[in-house]
Structure formats: C-alpha cells, structure tokens
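To start, the structure itself, in structure tokens.
2 protein chains.
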Amino acid sequence: RKHFYGYTGRTVAKFLVVVFLGIFTGLLAAGLSTADEKLITAKLSLIESLQDNGLPFSGWQTFGFHLAWSIPLLVAACCLVQFYAPAAAGGGVSLVMAYLNGNDVPDLLRGRTLIVKWLGTMCGVTAGLSLGPEAPMVHIGACVASLLAFLDFGTLFSTKTKREEKLGQLDSAQSTGEGEAIAEPWHSDADHREFVSAGAAAGIAAAFGAPIGGVLFSLEEACSHWSRRVLWRCFLAAAVATFTLAQVHPRWQGGMLSFEARTRDRAMENFDWAVQLAFFVAVSVSGGLLGAAFNVMRRCLWRVRASRSQNGLRILEVIGVALVTVSAIFLMSYHLGRCIRVPKQWQDEDGVKYGARLNCPMGQYNDVATVFMSVPAETIKRMFSLSVSVDEGSEGPEDFWACSDVNACRFTPRSLSTIAFSTPVLMALASGLSIPGGLFMPSIMTGAAFGGMVGMHLIQVLPSWWNIQPGVYALVASSAMLGGVFRSAISLVVIVVEGTSGIDFLFGIILAVVVANWVAGQLPGGKEGAYASELQREGGVTFLRPEAPHSLRQLSAGDLMAVDVVTFQPIESLDRVVEVLRKTHHNGFPVVSQQAGEGSQGRRERLEGLVLRSQLLVLLQSRAVCDGRGQPLDNTSHLQPEGIPSQRRASLDARMRSFFTRPRFRYRRSLASKPEVLDALGYPAAHTARSSADGSSCATEDGIPPCQEDLRGGFTHPPLERIPELRLQLGNGTPIPAATFSARDGHVNRDDAVVLPRDLSLDLRPFMNQAPLAIRQETSAPRAHQIFATLGLRHLCVTDHQNQLVGLITRKDLIRVEKQASRGHKGAAALALP
Amino acid sequence: RKHFYGYTGRTVAKFLVVVFLGIFTGLLAAGLSTADEKLITAKLSLIESLQDNGLPFSGWQTFGFHLAWSIPLLVAACCLVQFYAPAAAGGGVSLVMAYLNGNDVPDLLRGRTLIVKWLGTMCGVTAGLSLGPEAPMVHIGACVASLLAFLDFGTLFSTKTKREEKLGQLDSAQSTGEGEAIAEPWHSDADHREFVSAGAAAGIAAAFGAPIGGVLFSLEEACSHWSRRVLWRCFLAAAVATFTLAQVHPRWQGGMLSFEARTRDRAMENFDWAVQLAFFVAVSVSGGLLGAAFNVMRRCLWRVRASRSQNGLRILEVIGVALVTVSAIFLMSYHLGRCIRVPKQWQDEDGVKYGARLNCPMGQYNDVATVFMSVPAETIKRMFSLSVSVDEGSEGPEDFWACSDVNACRFTPRSLSTIAFSTPVLMALASGLSIPGGLFMPSIMTGAAFGGMVGMHLIQVLPSWWNIQPGVYALVASSAMLGGVFRSAISLVVIVVEGTSGIDFLFGIILAVVVANWVAGQLPGGKEGAYASELQREGGVTFLRPEAPHSLRQLSAGDLMAVDVVTFQPIESLDRVVEVLRKTHHNGFPVVSQQAGEGSQGRRERLEGLVLRSQLLVLLQSRAVCDGRGQPLDNTSHLQPEGIPSQRRASLDARMRSFFTRPRFRYRRSLASKPEVLDALGYPAAHTARSSADGSSCATEDGIPPCQEDLRGGFTHPPLERIPELRLQLGNGTPIPAATFSARDGHVNRDDAVVLPRDLSLDLRPFMNQAPLAIRQETSAPRAHQIFATLGLRHLCVTDHQNQLVGLITRKDLIRVEKQASRGHKGAAALALP
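Protein chains in written order, with my numbering: chain Z, 1347 to 2180; chain D, 1347 to 2180.
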C-alpha cells in the first residue's frame, strides 16, 4: 500500500488537492480582482467621455448612465442567484461556517455555486454597491476545495482499487454474491471538511494577501473542529494561494486589497503612541460603536426584506437598492463633495485612472464621487496614506501641514465624514440582497474614512509636535470597525497587519480590535457579530458552539434529550423500516433489544447499537432482506446459512460508507430524508399506509413524531428522477418484485407496486454501530454539550444505569434547549472576553 | 453575584491575572535581556583592558580569564538547579507542554523554580554557552501565570465568601455540623491551565517581540486543550507582555531577539525570488538536515550524561562542557578567525561595544570570536543585515560587491562556515546540562551563519544581476534550521516574521519552514522534534497526543483497557478503602454495585459511579464514617437519620473540589498517592496489614496491581511532616481514636494506632460522580483515544452491553498500548504533513 517514499497514494492525492486548491483559489482571486479593476476603470472612462462630448456638467445624464450601468449588472447577478444557484447569495462565510460545523447546506459547494459566486461578486462590486469581494472569496475557496476533493484521485495512484463505474451493473452483480468490493472513497468526510477549511483559509489569504491571516481566520471563525493536520493544510493552501496571486496579479505582495499604511518622515514612535493613546482609544470605541450600529441596522432591515422564494420581489429589491444607492452617491457627491486638483500620481499611473470628475472642471476630481465610484482597494490605500503629502517628491513634507487647505489633502474632512456615516447605511441595504458580496471591504472603508476624518481634525487643532498622522488613525479605525462588525480577534489583527504590510502599527491594531470588540459586546444589540447573526437568521441551520452556554448550567442530559425516540429491533421487519423512513426525517435510529419483563419495570429496551438512515437505504436498495430469524432470503442464502455472506457484507459496508460520495449524489445529503427516495428505491408509498400515499403528508400516529418543515429555505432540488443512481435495476434472483420507476411522468406506476410479504425483515446487526457513545441521564448538560460538540457527534444516546435507552440528543435538541434557556437568562453569556 | 457592569468578581480577577501576567513577564524579559547585555559587555571590556595592560597578544591569559568568568557562573547556576529547584533545568518548554497536557510535574510552576530559572538563564547565556534565553521565557511566563493564579483574588471582590483560614479549626467545626460552607476556589483547574497557556504565550511574545507568534506558539505547541477563551487570554497576555517590554527595554519594537532583516537598495523582488528559488530550496533543505542532525546528536549525547540525582557528576559535567566550549571557541578564533577592520557603527553606538578583538591588532576584530563572545542578539541582527554594506552612508552600495575583499564584509565565509558547523555541536553539548537554557537562539545563529555563507559564496560566483542578498539567505536558513529542530510550522513563521519585522520575506520564511519540516521528517532519526524527544526522555511523563496514532487502527477499546480494576462498593468498608489507598497509586476508582447471580454469568458489577482518591481522602480526613447500611456514625446522625446532613455534604463537597488548591498543597498533587498521606491522616499502616507496615513495600495480593515506581524522576519532595494541612486535629465526637502524629521523628507513633472496628464504612454515593463517561468495549481504539484526549479525561470506564464494568482506560494504558503497537509499526505515523 505504500508508494512514493513512504507515502500512500491517498496522502499524495490529499497533498495535491491542497496545492491545487491554493493555485486555483489564487487564480480566481486574481481574475476577480483584475476584472473588477478593468470594469470600474472602463465605467469611469465612459462617464468622462460622456461628459467631454459637449455636455460637460449634465449631472442627470451621468446619473442615468450610471443607473443603466448598474441595474443590468445587478439584475443579471440576481437572476443567476435566484434561478440557478441560490446558495451563492450573500457573503457565504456563515454558510461555510455552518457546513464546517456539521450542517448540510444543499448546493453550497457545487460548481454552479462557484461560477455564480464569482460572476455575481464581479457584478455587485463593479455596479457600485457597498459590497466587497473578500467574503465571497472564502466561499469560492471552499467550493474549489470541495470540487477538487471529489476528483477521482484514487485511480491515479492506486492500481488495485477499481472505480465504481456503473452503479446498476455493480448492484446486480453484488446481489448475486459475485460482486467485487467497491472502491472506498479516497477521502473521508473529515478530510472533506478539512479541505473546505483549507479552502476558506486560501480564500482569505488570496483576498488580503495574508496567508497567516487566512489560516487564523479559518481557525478562529470557520473551523469548528480543529487539529494540527487542519493547520498544516490551511497553511499550505493559504501560502500557495497568496504566492499564486502574487505571481499573476500585477501588484506584487498582492492581495486584492493590498492597502498599505505609510507614515511621514517622522514615523510614529513609542512616545507618539503613548501620547496619543487616548485618541486611539476614542477612535477605537467609536469604530466599535459604528460596527455594532451597522449590525443592528442590518438585522432590522432583515425584517422587511423579501423572502428567498419570491423571485420577482427579490429582483425588484435589487433594483430598488441600486436606485437608492446611486441616487445617494450622486446627491452626496453634488452637495457635499469638493472639487480637488488631481495630483500627479493619479494621472500617469500607466493607464490606470483614478478619480471621478463628475461635476468638477477638468483637472479636478470630486472627492466623494471618487470614493464611491473608483476602485475601492485604491481608495482604501489612499486613505491609509493620508499622512503622506499629496505630491510626493515634488513638494516637501512641510506641505502636508497645509492640509487645512483643501487642495493639499486628497479628501476633505467633510467628505470623509459623509462617507463614514453613509457607507454603513448603504452596506446594510446591500448586504441582504440576493447577490453575492461581502462586508469586509466596505467596513474597512467606513473605518478608514472615519479615522481619517478624526485625524485631520486633530491636526488642525493640535500643535505640530503631536505628530498626528491621519493615515494611522484611518488604519486604527478600520481595525476597530472590523472588530465591531465581525467580533473576531486575532485573525483580524493578523489580516490587517499582513494586508497593510505594516508591522509597525501592530499595537494600534491590537488595541483597536480589543477595544472595539469589548465595546460592541457591551451594547444590547451587539452581542453577536455579523456571522453569528447571519447564522441565526438561516432557517434550519443549527450552529453548535464549541463551548456550552452558561444557561445550560443547571440542567442535566435528561433535560436536553428528546424522549419518544424511534427505535429499531436488531432484526426489524421490512414494513416497519420502510414506514419509519417514509414518515420521519431522522437520520439515526438507536437499535434496542426489548427483553420483556426481566426486571420489574415492564419492557426493557437495552441499547444495542445505532443505525443510520443511509445504511438502511443501502440495505433496502440492495434487497438484503432476511426472514424473522435473520436468515438471508436471496439466492445466496443456501451457501452460508448463518447469515449474510462475508463478501456481500463487506460490499454492503463499502457502499454504506461511500453513500454520500457517489457521483451525482454528493450534494444531495438532504434528499436521503425525503420520502420520495423510497419510491425511487422501489418501495412505493402504496404499500405501507393509506394516509401517507402521497408521500408528503405527515403522520403522527404510531408514536412517530410529525415530520418537520423543509429546512432548506428557498433552495430547490431537482426532481428525483434526474438522479440516476436512485433508479434501480432489480438484482437477479431477489424474491421481491419491485416497482418499476417511470422517468417520463415522474411518478411510480402504482400498478406495479406489489404488496410485500409481511414476514420480510432486515438484519441490522452486522451493519449497525455496535458501540454508540452513550451517556447517563444524570450527566450535566454542559458536559453533554461538550461531548457532543468536541467529538462532532450527530446522535448521542442517553441511557439509565442499566444501559436502557431513555432518550437521544441531537443538534436540534441542544439548540432548542439553549434557546429556551437563554430566554430566561440574558447577560454575559455571549461574551468571549476573559 | 454580579458586580462591575455585568461582570462577576471572578471574571474581573481573571482579567487582572492575565493583564498582570503580561506585565510581569514583560518586566522579567526586559530584566533578563538587560542583564545579559550588561554582563557580556562587561566581560568584553575586561578582556580588552586585560589585553591593553602590557600583554597585547597573550592568548593564554585571555583564555584563563574566560574560563574564570564562565565556570563560576555555570557552577552557581548548576548548584541552584541541583540543590534548590531541579525543575528549572533545561528549556522547560517540554515540561510546560506536559503540564498542559495533563501531567503533574512536581514543583514545575513554583516561585523557587521561577527564581532559579531566571538567574540560571542569565548565568548560562553570559557564560558563553550555546544556550538562549527564549525557551526559558516560556517557562518563566508559565510560572508567573501559576503564581498569579494562586493569589487570593476572591477576597478582593466577593464579600460573601469567606476565606478558609485555618483548616484545623474549620474541620472540627464541620465535624460537629456547625461549619460554614468553605469558599470555593475562585478559579478551576481548567482556568489554571489556561493561565499557564497564556503565560507561555506571553513568554514567547516577550522573548521575540512577537505577540501573535506567542499566541500561535502556545496554540501549536503548548496547549493540548484549546478554546476560544484560551485564545483571548493568550492574545491579551502576549500583547501586554510585548507592550511592557517595549516600554521598558531601550530598543523599541522590542523582543529580546529583535533581529531585523534589511535589504540593499534594490530590494528582493518577485522576479528575484523566482530566479533564486532553487537556491532557497537548497538552503532550506540543508537547514532542515542540519536541524535534524542536531536533534540526533543531542539524543545520542543523552545516553552518556550523568543522571539527575548525581549532584557531583552533574557539576563536573557542567565544568567539563564549559572547558570544552571555551577551548573550542579560542581554538577556532585563533586558527580560523580573520581580523577585520571595525566598522564605524560598531564603535560609536552610544557606549554599547560590539566585537571581540582577541588576537587582532587595535581597530580590528576577530570575526569568529565576535560571534561567540558578543551579545548573541546583536550578532544575529548583523548576520541578517549581511546584504547591506558595512559602512552605510559613507560608502555607496557598490562597495557591497567588494565583499570578496574581506574588509568589506563583516564576517568571512570561512568564519561563517566554522560557526555554522560548530554551533550545533556546542549546542548539543550544552543543552542537556543541569542549567536553564533554550535552543532557539543558537539554532537561529547556526542557520544565519550557514545561510550567510551560502549567500556570500553565491555572490562571488554569480553575476551581479542575480541580486543575491546574503542577509536574506541567512534569514531563510535560520527559519529552516528552526523548522528542522522544532518541527513547528506556523508559529515559527510568525515568530520569525514578527521578530525580523520583515513581512517582505514571508514567502522565503514559509518555504524554508515547510521544506525543512518535510526534509527532517524523512530522515530516520528526525521523526520527532526537539520537544517530542525531550518528552519521551522524561520518565513518568505521559504525553497524550491529540490525534490517535495509526498503530491503534486495528484495536478496540477492549484491547486498550486495563482489566482487574480496583473497584469500590457504593457503601464500602473503611478498612478496604484505607487498604486500597495505601497499596495502590490509582487516582480514580469505579464504584460498582455487585448484584449476585441475577444473570447467568455469576456476579454482576454494574457501573454506578466513579470516586476520586482526593474525595476519599477528604472523607477519611473528615471522619465521615457510617455503618454498613449508610447511617452516619458521628454525633449529628440522630438529627437526620436518612444519611449525611445536607449542610455537611455541601461542606465536604467544597473541600473535595478545593483539595488541590489549598495553600501549600498546590504543588503537591503527587503526594496524595503516597501511603504516607494515610499516616498523616491518622490511619496508620499498623492497622491494615502486616506486609505493608512500612508503607512503602508493594503488595500484589487481593488483585491489586503492584504499585508503580516513583514517576517523578529526580524531583524530591519535602517530608510530609512539613505540610501542616496533613496534620489533623481530631474532630469532636467522632468515634475513631486516631493516631497522633509526631512531627519530631517523622513517624507515626505505632503505640497510639488503634485497630479500627470492622463494621465502619464510607458512604460514597453522595460524593461519587454518578454519571461517569463509559464506552462499550467494542468501541474502536482510535475513537476511544479521541474521546479520552479531546475531553481531557483521566479515567474512562469500559462497559459491556449490560453496563457492567469490564475495564478502565487511563493515560498510562493509552501510552503503553501506543508504544507496544508502534514497535511493530514503523513508518509514516509521526508525520504531520498533509
């Protein structure tokens, strides 16, 4: 099994996945960044040429042109999202977090989502909305990772294992006992999760040119399950992504947002930091408040937004926001912007133009319009360099102090304050739309404008020995704003440090992030960062925090668990299995042996194991039935009368393990809990019950809890008949005549559905997890939470002291109890500070 | 319970601990760094004045002086370590890791260890051995954290809880049922571990001026249990430590090793990196090999070293190594060093002299002697700046290309290669001595010398458009050497980046660390980094890795567990408890209820709970006895006949929880497993058995496994009679006449030992953990390992499907099986790369 100097083929394959993940993510980031720049530059050139052609000051024409530019782009992005890849909306970071936490988010990591995310982000950013491309890069990296992980590396390196070529053929071969062992997938679910973590790291790394920041972001925010191996994978992917981007993108030391902070001749020294400490703290507090205010505003807007399924309303919403944003930009530019002489550097930067003229005479630019319309990364870079005089080289540094003269500064304080207080509103409007786009970049811009404004005011007030540097204030306020919005800590610090290439400002950045985090945490509406509130908004996503909330303290596992658990016997009748699978959405079923009346408490349900829905589906699909005593009923039974033949068992085992990694079933985890899957497997509803004949109504009889609402929000699934592996061919010699499935009308031909004989059973013993983790019901609830979260469980059995099953804890139970308990317990629960 | 705007007093206390931890660690680092610099400068001045006084070239005199300087310092350090604080030897990082992993390392975090560590590190570094002060800073930070955590913050903020003042008084009060509830400790064991993690982060942060690097180091290497809260605490402590150091220490942007990499006028560009990639890879490979070779050499030397308890030999060893080191330095300086003109900057750096003259004429310096004798941090800084011409400003950059002329370079290639290949040997000699000192600094110096040599050779060979910069090569090789020695990844990168303030070289550093790690991992002896091999060397330390080794794959929990577990009944006879505690070292005992012959398998031992040794000791100490049916036998029993009164139970509970945090018992966890503790509690050996009368012999009768060897290596414990809380006063009214304990002769007066009546029992039910985590014996071994490691367990019960106890898994079992299994399984197990 060893090749390549002690590495197995799988190890090499995983290594290659990580390297190529970095390369592709870097290339996609470079492409996105270049496309944005080119398109925005083209827009500005067009506006300029429009103005030059006879109508120099026609604001309405320019306004109309801008609308005609923005709205089609946004509508295109919105249509792509609504009709082709709904999972691509928004930033995507919180959904990636949810996936890594253990949720199944349908279509989150598919190829189409990747394409739409990339195109939509390009449209959203170039259209001029206050959205950034950084958070989408996290999602893009995660998609790339998932797609690469599903490549079939197995065939590249291993000669023994054979690819599962056509499922139907193999299935019939197996049911006659002749089948070869199915190739196991070359990576496990855990590997897949780790690749996605690495993809998130690579995305952030490419977005900011911050490899270490990317790793830490993945670690602090994205990953729920962390190990040393994840660290290595994230590290490698992030480094490769940054390197690739740096090689491809014209600006070395890349990052799409490669801002840089520069100081004047007299750099910030120890003494200056100490003297200005109060100002920095004040700026950080304000930045944190601004971030928290944005979060509150955003949450309020969520209430009035169109729901995901209303396509028309969603498109109208995008058009409306575009209208409002462009109008606001033009109004502010005309009424609050100032015309400033264009500095030399902006003119002759090898073709790349910067600065929007709008209503200004030739050779000048409108500073507000420039901020909103030009390439945002360039704007941020210039804000962070506010401390440097405009025309470097040509004029001495003493010219800098003339910043009270408007021509010597790039932006006036009035414009900066306009930007600082309008961008959060525009950002809040834009951030819930049905187009891709993130919050990093506008948050940084808000903070930079605010800090720059404060710094410029301070310069005018204080004597020159204070050595006030507005660029440093802009940097500090940006960090604070990020801290207030995202409530991250160390990853933000590193991202900003790496992004600005400025380790000299480390203390300011740390101060800003810590203070802003603390301030935002004190506010009533600021307990949660942007990601946490997004996660709360997602219906059906259950995000399990790694640490148990305080509210669980007084409870025990018995309070957490769900009682009335649906259980199976070790040898369970086929009827009941089909019925339970059809009527419930549960994914795991404890297997108990009922030993009647041994003790005094009546029937005893001793926990024997745990069987998964996917395992049951494979058993049903393979027709691995037996009689009531566990004797196999297919044509191989006479060979080994003591149970299922071992070869067949191994084959079934492999099929169970690879259930969710088969081609075309990869993104369809949620399908397995639909009743239609049983139709497709040839166990039509007609057989089991009268009430559930249509397969979608929910029954509450027989102690089975009612099935829950569809958890997937507005995501649509293709009809089942498009999934070929669910269309079964009947195995040779199986005694059950299965229903034929007609792909034309999309329904089971009820005529062919034959009532199955009553004594058919499934033998669960060889396949169930014979040692499921169980805790005693006296266990404290925080401990149960810890066990559940740190081990990444999905089902945790609760037993009494005689190993009898008394309940089952799932993610939903934990979340439900947390919510109930936290209603009565407001306070310091969410605060992460020591 | 809430004070201070929603924070409890405990939260504020924890916050203060973290802040003061940072401040004190920063101050200690500043003091250490300053003392080292002053002493080394004084040494150089003395040597210079010695040479000036008439005998300019007397090498023997200088040699003698250097010996007379070094040996007393080293002997002093060695004596302090051997006779006062043995835990202070070496770097200490691996022991801190072991502590955080869950081991009890006696005296590791005491005040005396802190003092000796600080003094000893100062002596070792100034004496000229190849040892650095960085790793000791980790230990120092951890000690500071532990000491601060044991301060009694509780009384500062909480008015209700009362401090446990005198244990004896309280004990008698409680045994009469009148006792108030004992104040719970204001922090838990987990908090203490988190403070120590933060201390390690602060130590590294102060050592390198790298706050983020410190956090990552703590995360990647030190912490075994990681959470978001640990991250915050580490972050805060590291930032405060760096800030404090920067304020106090003369060099801003501090770090004791504040090296900086500078490039020539034409900086390294994208193109240069690509062109020189092959060279950088080659340098990284060599650096990794060098690091691995050092590790192998070090491990070989361990075999011939004196054992820890041989004080005389240990001192002789230190003297011998000092002799060898000083001789080697002088031999190399005289025979391989070159005399080079002292550049201007070295002369007039406001009093700080740099450069050792030795055998050179006035105005020149011997380059080899300079490297070995001067302040190491200064040397490294100069090596990293090799690319810059010697006399900046006065001569143009073109002068740099004259580096083939020896006077234009600071160090000749010959000297650098001498240093690069001799330092690892000297470092290996010095690193196992009985003095404090770490490996970071000499590793960096080795790498810097090697890389600088390669770069200078390349300059001479290649044309100038290659833009070879020896300083960059030195930086890359240093990173590679660190990667080869320590096998860390991301933390090293960040430490080097922050330390050098050079984010421009990020790619080179990442490349070096990754390549060196990989290369070192391929070598037969290089599977383990310096810390891992140190941990293996420590006797009695069981380091549980977070991920299960491959070798466990084929096993199940049944193979891991220890059978023949010593168990107790829910109501257990006092005799048996005392006997078991005396004869075993176990710390946890499952409580089982034996229900005779209910099934067919004879006696059934159903798992009911788990009781800890400390809980039993508290019960014994408090004389909380009962009769065979659970009725309390002390004078309060007539009040509440149904069991132990609830007030008393709460008091006992609090005492059990605070058992290891009481004053003067904090560092004495290992004492609780000694038989002497039972003597001290008044249950002398005379009572229980004939064979164990001396309390130290091991009995194997009664199914109790033989007690293991003392696990603590050479650490000594003070005799028990010095620990006042173990000297008990007898509670009023208890029916047991206890033995009096005589502090004079240190032995129990056997005459007073009275044989206890046979029917006395302890009721364990109210105190035992009623819901211990148990797994089924069919659970796979990697899963069991994961459960054990991620949940931080100490005892994991193994049951069958009827909840009957079949075994117990402890750390030792896991380590034992791992070792057994890995003997038959050599290979890729230890490799962390993806």
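Yeah, the Cβ is synthetic: ideal placement off N, Cα and C, and Gly gets one too. Note that the structure is a prediction, hence the values are computed from the model and not measured.
Would you please state the rounded distance, in angstroms, between the beta carbons of residue i and residue j? I believe it to be under 8 Å.
i: Ala1894 (chain D); j: Pro1722 (chain D); result: That belief does not hold up - the Cβ atoms of Ala1894 (chain D) and Pro1722 (chain D) are roughly 41 Å apart, past 8 Å.
i: Ala1903 (chain Z); j: Ala2130 (chain Z); result: 4 Å
i: Leu1367 (chain Z); j: Phe1541 (chain Z); result: 7 Å
i: Gln2132 (chain D); j: Leu2137 (chain Z); result: 7 Å
i: Val1859 (chain D); j: Ala1835 (chain D); result: 6 Å
Can you check whether the C-beta of residue i is within less than 9 Å of a C-beta belonging to chain Z?
i: Gln1967 (chain D); result: no
i: Leu2119 (chain D); result: yes
i: Arg1574 (chain D); result: yes
i: Asn2149 (chain D); result: yes
i: Trp1415 (chain D); result: no
i: Glu1844 (chain D); result: yes
i: Thr2136 (chain D); result: yes
i: Val1818 (chain D); result: no
i: Ile2181 (chain D); result: Outside the displayed range of chain D (1347 to 2180) lies residue 2181 (chain D), so it cannot be described from this structure.
i: Leu1446 (chain D); result: no
i: Phe1503 (chain D); result: Low per-residue confidence applies at Phe1503 (chain D): pLDDT is 47, beneath 50, and the placement is therefore not dependable, though the value from the model is reported in the following sentence. No, because no Cβ of chain Z sits closer than 9 Å to the Cβ of Phe1503 (chain D).
i: Ala1536 (chain D); result: no
Are the CB atoms of residue i and residue j nearer to each other than 9 Å?
i: Glu1844 (chain D); j: Pro1557 (chain D); result: yes
i: Met1802 (chain Z); j: Leu1869 (chain Z); result: no
i: Ala1553 (chain D); j: Val1484 (chain D); result: yes
i: Gly1470 (chain D); j: Pro1782 (chain D); result: yes
i: Ser1395 (chain Z); j: Ala1876 (chain Z); result: no
i: Trp1415 (chain D); j: Leu1378 (chain D); result: no
i: Ala1544 (chain Z); j: Gly1487 (chain Z); result: yes
Report the residue from the options whose alpha carbon sits nearest the alpha carbon of residue i.
i: Val1971 (chain D); options: D:Leu2119, D:Ser1476, D:Ala1835 and D:Pro2112; result: D:Pro2112
i: Val1442 (chain Z); options: Z:Ala1568, Z:Ser1992, Z:Ser1897 and Z:Thr1671; result: Z:Ala1568
i: Gly1478 (chain Z); options: Z:Cys1489, Z:Val1490, Z:Trp1464 and Z:Ala1491; result: Z:Trp1464
i: Val1717 (chain D); options: D:Gly1701, D:Ser1731 and D:Gly1709; result: D:Gly1701
i: Phe1796 (chain Z); options: Z:Gly1633, Z:Thr2136, Z:Thr1888 and Z:Gly1955; result: Z:Gly1633
i: Ala1551 (chain Z); options: Z:Gln1940, Z:Ala1375, Z:Ser1534 and Z:Ala1388; result: Z:Ala1375
i: Leu1373 (chain D); options: D:Lys2165, D:Ala1584, D:Cys1424 and D:Leu1804; result: D:Ala1584
i: Trp1619 (chain Z); options: Z:Trp1811, Z:Asp1999 and Z:Thr2145; result: Z:Trp1811
i: Gly1426 (chain Z); options: Z:Val1363, Z:Asp1450, Z:Val1664 and Z:Val1365; result: It should be noted that the sequence gives Leu, not Gly, for residue 1426 (chain Z). Cα-wise, what sits closest to Leu1426 (chain Z) is Z:Val1664.
i: Val1911 (chain D); options: D:Glu1918, D:Ala1388, D:Leu2151 and D:Leu1704; result: D:Leu2151
Determine, for residue i, whether the minimum Cβ-Cβ distance to residues of chain D falls below 9 Å.
i: Phe1853 (chain Z); result: yes
i: Glu1566 (chain Z); result: yes
i: Asp1696 (chain Z); result: Reliability fails at Asp1696 (chain Z), whose pLDDT of 49 lies under 50, so the model's placement of it is uncertain and no value is given.
i: Trp1578 (chain Z); result: yes
Task: Length at least 3, wholly inside the stretch 1649-1713 of chain Z: the beta strand (DSSP E) runs in chain order - done: Runs of the beta strand (DSSP E) lying entirely within the stretch 1649-1713 of chain Z and spanning at least 3 residues, in chain order: 1685-1687 and 1710-1712.
Task: Complete beta strand (DSSP E) runs within the stretch 1397-1481 of chain D (minimum length 3 residues, chain order) - done: At a cut-off of 3 residues, not a single continuous stretch assigned as beta strand (DSSP E) sits fully inside the stretch 1397-1481 of chain D.
TODO: Please go through the stretch 1881-1957 of chain D and give each complete beta strand (DSSP E) segment of 3 or more residues, from N-terminal end onward.
DONE: Restricting attention to beta strand (DSSP E) runs no shorter than 3 residues, the stretch 1881-1957 of chain D encloses them at 1917-1919 and 1934-1941, ordered along the chain.
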